[in-house]
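Per this note's numbering, the first sequence starts with residue 1, numbered consecutively.
Here is the structure we will look at, set down as structure tokens.
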Amino acid sequence: MHIQSPKGTRDMLPKDSFLWQWIEHTMRKEAALASYLEIRTPVFEYTELFERGVGDTTDIVQKEMYTFLDKGDRSITLKPEGTAGAVRALIENKLYAEPLPVKMYYLNNPIFRYENPQHGRLREHHQFGMECFGVKGPTADAEVIMTVLRILNQLGLRNLSVKINSIGCPVCRPSYHEALRAYLKAHFDELCPQCKERYDRNPLRVLDCKEKSCQVIARNAPSILDHLCEECDTHFEGLQQLLNARQVPISIDPQIVRGLDYYTKTVFEIIMQSPRGEMALCGGGRYDGLVKEIGGPDMPGVGFGIGTERIILELQNQGIEAPTREITTVFIASLGEEGRMPAYQLCMDLRVAGIKADFDHMNRSLKAQFRYADKLGVPYMVIAGGDELQRGTVKIKEMKTGDEKEIPLAEAVSTIKAIITQDQ
RNA sequence: GUGGGUGUAGUUCAGUGGUUAGAGCGCCAGAUUGUGGCUCUGGAAGUCGUGGGUUCAACUCCCAUCACCCACCCCA
Numbered sequence: 001m002h003i004q005s006p007k008g009t010r011d012m013l014p015k016d017s018f019l020w021q022w023i024e025h026t027m028r029k030e031a032a033l034a035s036y037l038e039i040r041t042p043v044f045e046y047t048e049l050f051e052r053g054v055g056d057t058t059d060i061v062q063k064e065m066y067t068f069l070d071k072g073d074r075s076i077t078l079k080p081e082g083t084a085g086a087v088r089a090l091i092e093n094k095l096y097a098e099p100l101p102v103k104m105y106y107l108n109n110p111i112f113r114y115e116n117p118q119h120g121r122l123r124e125h126h127q128f129g130m131e132c133f134g135v136k137g138p139t140a141d142a143e144v145i146m147t148v149l150r151i152l153n154q155l156g157l158r159n160l161s162v163k164i165n166s167i168g169c170p171v172c173r174p175s176y177h178e179a180l181r182a183y184l185k186a187h188f189d190e191l192c193p194q195c196k197e198r199y200d201r202n203p204l205r206v207l208d209c210k211e212k213s214c215q216v217i218a219r220n221a222p223s224i225l226d227h228l229c230e231e232c233d234t235h236f237e238g239l240q241q242l243l244n245a246r247q248v249p250i251s252i253d254p255q256i257v258r259g260l261d262y263y264t265k266t267v268f269e270i271i272m273q274s275p276r277g278e279m280a281l282c283g284g285g286r287y288d289g290l291v292k293e294i295g296g297p298d299m300p301g302v303g304f305g306i307g308t309e310r311i312i313l314e315l316q317n318q319g320i321e322a323p324t325r326e327i328t329t330v331f332i333a334s335l336g337e338e339g340r341m342p343a344y345q346l347c348m349d350l351r352v353a354g355i356k357a358d359f360d361h362m363n364r365s366l367k368a369q370f371r372y373a374d375k376l377g378v379p380y381m382v383i384a385g386g387d388e389l390q391r392g393t394v395k396i397k398e399m400k401t402g403d404e405k406e407i408p409l410a411e412a413v414s415t416i417k418a419i420i421t422q423d424q
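Right under this line is the structure:
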């Protein structure tokens, strides 16, 4: 095989389609229950959107974007996350002028990051996400968190931990940065090379560095939670109240910081315990400065993204399978040349009547047609054979019981429909 | 981007220098007259990831390359 799918990409195969559709259905349903409407934005955007939105000090922008020049010398980037595009669309289409809040979700948005593929990490993956614009208070934060938890719950996932934190706002963060830098300065020589750079650019990110030496230092670092301004503190307290009121098992983790620059106040992650350690299933937070940063009005927002491939990994970890669905309800087997046209006609009539029907395309023996239908789990077989056709009838057989009935061909569609609905 | 492992039928894998490369599962077909699941029998199917090199001879050794898996980094 010469041509392969590009590194870090996967095909969604027909046999997996029920699983994907089940997940998508659950997401749509829960988003709709919370009065969110779907948005679809382009797969690619001008690079500047992400440089300004996501932030040019972030790993995503610095080394993980699929960026190229198009034939008109425009710098184009394949979406590395979902929020920036939604915000751009909000501004460009002036959705901010509609009744507030503006609530939207995106479903299996393809997301691209140029990284080395690994367990649970692809170069193209898909995210479901929700964004709520225009709400200053913590009810919006609670709403999006509650919705994603309901989705995961509906899918049957258990034992996921929800971590929340507040990383402050432009009012309180400078003083915290100062306090953090003062603390880190004393340990500067022990920091990893990368964190030495972070010290100047974004000291917050030292807190979630995975290097052991940095973790030790981070553990005793001053907590942002002690430096929140009154507004941020009230907001964070309010969010906790709203989540506690719904018995959400949250844990406050001052170490979570998020790798995107736009977050303010609330940040949160939902963590799965895979056999190989923990992995973020979902990440999100509040981004009160983002809409203005990208050129819109000063409008707050909060949202999250959740990776569908990782949901599937966790479903597998927990041994959860999608509800099975019938591929074909009735298979019309034909016998010999003379049976083919009646079988074809009956199949088409059944489809018109809204019944999932199929027939033999392979000119196989009756035995082989049965074997084939059995492998597909077809519950009903119709046999269009010479003897019956001469009598103007066909046989219908229920595979589970083996019961056979001879019915007039002229009334076959209505009779079959009646049998199927009766058995259900 | 760095380091380690892997790459042989549709699939899971065996085969480590020597005739026509094997097995299980899957697929297709048959086991007397027009009927699935179980069993038995047979069949099809591989440019041994790709490209070079060493050798009388390479799936087997060497180099490169691509992809996958794993770790780091980071994250969904």
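Note that the Cβ used here is the ideal one computed from N, Cα and C, for glycine as well.
- Under the DSSP assignment, Asp-358 falls in the beta strand (DSSP E) whose first and last residues are 357-359.
- Runs of the beta strand (DSSP E) lying entirely within the stretch 91-177 and spanning at least 3 residues, in chain order: 102-112, 124-133, 161-166.
- Counting along the chain, Glu-30 sits inside the alpha helix (DSSP H) bounded by residues 17-33.
- Looking at the backbone, the Cα of Met-299 and that of Asn-93 are separated by about 15 Å.
- One thing to note: Ala-384 has its Cβ within 8 Å of the Cβ of Leu-335.
- Per DSSP, Ala-322 has no beta-bridge partner at all.
- Membership of Ile-311 in the alpha helix (DSSP H) is indicated by the continuous run 308-317.
- Going by beta carbons, Leu-228 and Gly-168 fall inside the 8 Å limit.
- Restricted to the stretch 230-299, the alpha helix (DSSP H) segments that are unbroken, complete and at least 4 residues in length are 230-244, 290-293, listed in chain order.
- Excluding sequence positions up to five before and after Leu-100, its CB lies within less than 8 Å of the CB of Phe-133, Gly-134, Val-135, all in the same chain and listed in chain order.
- When the beta-carbon positions are compared, Thr-41 and Ala-89 come within less than 8 Å of each other.
- Secondary structure of Leu-204 (DSSP, three-state): helix.
- The beta-carbon distance between Ile-332 and Cys-347, rounded to whole angstroms, is 5 Å. This is short enough to meet the 8 Å contact definition.
- For Ser-223, there is no enclosing alpha helix (DSSP H), as DSSP gives it neither H nor E.
- With fewer than three CB-CB distances shorter than 8 Å, the stretch 240-248 does not count as touching the stretch 183-198.
- With a cut-off of 8 Å on Cβ pairs, the stretch 219-228 is in contact with the stretch 159-168, counting three or more such pairs.
- Comparing C-alpha distances from Thr-401 to each of Val-144, Val-378, Gly-301, Met-341 shows the shortest one belongs to Val-378.
- Straight-line spacing of the CA atoms in Gly-285 and Ile-151 works out to 17 Å.
- Taking 8 Å as the cut-off, the beta carbon of Glu-64 is found closer than this to the beta carbon of Glu-115.
- In this structure, DSSP gives Thr-421 a helical state, which the three-state scheme calls helix.
- A Cβ-Cβ separation of about 7 Å places Glu-81 in contact with Leu-260 under the 8 Å criterion.
- Annotation for Pro-408: the continuous beta strand (DSSP E) segment containing it runs 404-408.
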